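Just below is one structure, and these are the notes that go with it.
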């Protein structure tokens, strides 16, 4: 018989279980409220600075933190986080929790939202720029536009300006090369890569406002520096040797790909906006791998270039304030599958200096996303992304996925068992909350924070009402459920009214249907959630309106970096002038059997 440990000893024969052991309730509070309390007041070692995340699932202590403040505090070596988890378990909700908290501390969001458009409304509500990219969008991308970094280089000038200009040109070369490789589906050869790079640099140097059409024109009449770099005697030899590259460039400029990246004027990010920005490419079907991958990589290049431009401008222009950025890359591994051999270039266009105050969150589903890359070198480079992450966030995964992840970032058996338990199947009974949303699966909001070299912390996150209202990932399902629920509610109300009227007043029923003549008609139109307001009204800015909407649901830690968060189940002691105190209790006893 297996003995189970309980609060009164071990169960079973010989376990020594005793029913007379006193069980005093356990309470939690801050050290500011319990100095000198006897007996045996003890603290815990859970992190309590940064974003309020939830409660430790084992001891009930509040857990706070995010990659930015943990890096600033010296707890991790890199301000980066890799978040793993299956669909529907709260990756987006946790990401937005980070985003809200850091935005309240002056750290602007830089969101790359490729597939579901989960974060655009939240960024817009905070006053940020939402840029929607797709074949039918009015916004276009010019891959040869040096963007915000090129503009900043011209303003800064000098040696630093020249270096920034070289960086901007290098990012343009990488962006064009990536899109060409994704379009053709195979890597460029060494000679093609060199020839394309020289051609792009020449076009940018010789043209005031270059675009991809200029690149095709220059290909048919290559300048002397390009012929010299490619060791070609004339235009005939150049076009003959690089005919396949020429065809690939023409393919990029045709069809949907051409409408996406063939613009003369390119989208621009408003440098210095404290509300940040969000690139939304959700209008591109997920099944169109090449087009979506090209859009994702192009927007990464534009977004990270604007971050670098903002940082350099803030050092030379006192009117431009720099508070850092929180860069969130959803579906991070998606474009890597479009073509092998591109991961090094992807790393370059999405890399920024950690010393500039940029925190990064890369979101994906499972380790299979990078372990299944066809190229061995790509897999090795991809593992490096995970190994170099300052912290891992692990939501519900299969045991097989956890074993694979453990080969990259070691996990002990207890950590694997804990996370595998998040993946318990839900009940077969259909359940919905009062607002029409499906009841989340058992593992929703549960995650393991894993810092290399430290024991993982299992956390249960609870959403505030404001977060629930703001974050809707299945609006269509909710709308249909509301329609059905209100229709049935209206019918039940009419039937109840008819019964009461017939019994008490003998009211006549309506013809044919027997429906009473009540004053409340049955709703016949679906109830649709209104998106958050993004326009200014009565002199109130977007970010002010959003902060006001948070109201009492906003926790104290959204405006400072210490103390415990306000969460459901916590009661704040009134009248305390010290650190905000919270009590939880009594803590439930363990099962005795």
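In my numbering, the protein residues as written are 10 to 602. The C-beta atom is built at its ideal place from N, Cα and C for all residues, glycine as well. Since this is a predicted model, take the numbers as computed values, not measurements.
| Item | Value |
| --- | --- |
| Close-in-space but distant-in-sequence residues of the same chain around residue 197 (CB under 8 Å, 5 per side omitted) | 186, 189, 190, 205, 254 |
| Bounding residues of the alpha helix (DSSP H) (the contiguous stretch that carries residue 422) | 422-431 |
| Stretch-stretch touch, CB-based, cutoff 8 Å, three pairs: the segment 220-230 with the segment 137-154 | yes |
| Closest Cα partner of residue 353 within the set 370, 392, 332 | 392 |
| Which listed residue (336, 291, 394) has its alpha carbon closest to that of residue 342 | 394 |
| CB of residue 119 within 7 Å of CB of residue 334, strictly | yes |
| From 400, 463, 429, residue whose alpha carbon lies closest to that of residue 74 | 400 |
| Expected contact under 8 Å - CB spacing of residue 77 and residue 368 to nearest Å | 4 Å |
| Residue 112 to residue 319 span [Cα, whole Å] | 16 Å |
| Residue 404 vs residue 63 beta-carbon contact at 7 Å | no |
| Residue 313 burial status per 10 Å Cβ neighbour count (16 or more: buried) | buried |
| N-terminal and C-terminal residue of the alpha helix (DSSP H) that residue 209 is part of | 199-215 |
| Ranges of the beta strand (DSSP E) found wholly within the segment 333-388, counting only runs of at least 3 | 334-338, 367-372 |
| Run of the beta strand (DSSP E) containing residue 459, from where it starts to where it stops | 455-459 |
| Boundaries of the alpha helix (DSSP H) in which residue 410 is found, first to last residue | 408-417 |
| Beta-bridge pairing of residue 89 - partner residues as DSSP gives them | 369 |
| DSSP beta-bridge partners of residue 228 | Answer by DSSP bridge pairing: none, since residue 228 is not bridged. |
| Residue 122, DSSP secondary structure in three states | strand |
| Residue 308 and residue 288 closer than 7 Å at C-beta | yes |
| CA nearest to the CA of residue 440, picked from 324, 433, 432, 450 | 450 |
| Identity of the residues DSSP links to residue 403 by a beta bridge | 93, 457 |
| Member of 464, 376, 175 whose CA lies at the smallest distance from the CA of residue 56 | 464 |
| Neighbourhood of residue 238 by C-beta distance below 6 Å, restricted to the same chain and skipping five residues each side | 207 |
| Helix, strand or coil at residue 59 [DSSP, three-state] | coil |
| Residues bridged to residue 467 [DSSP beta-bridge criterion] | 457 |
| Candidates 479, 355, 382, 432: closest to residue 183 by CA position | 355 |
| For residue 288, the first and last residue of its enclosing alpha helix (DSSP H) | Premise fails: residue 288 lies in the beta strand (DSSP E), 286-289, not in any alpha helix (DSSP H). |
| Beta-carbon contacts of residue 235 that lie in its chain and below 6 Å, excluding the five residues immediately before and after | 207, 208, 211 |
| Residue 339 beta carbon less than 7 Å from that of residue 122 | yes |
| Nearest-angstrom beta carbon gap, residue 145 and residue 257 [assumed within contact, 8 Å] | No, residue 257 and residue 145 are not in contact; Cβ-Cβ is about 25 Å, not under 8 Å. |
| Residue 370 beta carbon less than 7 Å from that of residue 90 | yes |
| Neighbourhood of residue 194 by C-beta distance below 8 Å, restricted to the same chain and skipping five residues each side | 299, 347, 348 |
| Cβ distance (whole Å) where residue 59 is taken to contact residue 79 below 8 Å | 7 Å |
| Beta-carbon spacing of residue 635, residue 157 below 7 Å | Limits of the chain in this structure are 10 at one end and 602 at the other, which puts residue 635 out of reach. |
| Close-in-space but distant-in-sequence residues of the same chain around residue 7 (CB under 6 Å, 5 per side omitted) | The requested residue 7 does not occur in the structure, where the chain is confined to residues 10 to 602. |
| Bridge partners - residue 72, DSSP secondary structure assignment | 63 |
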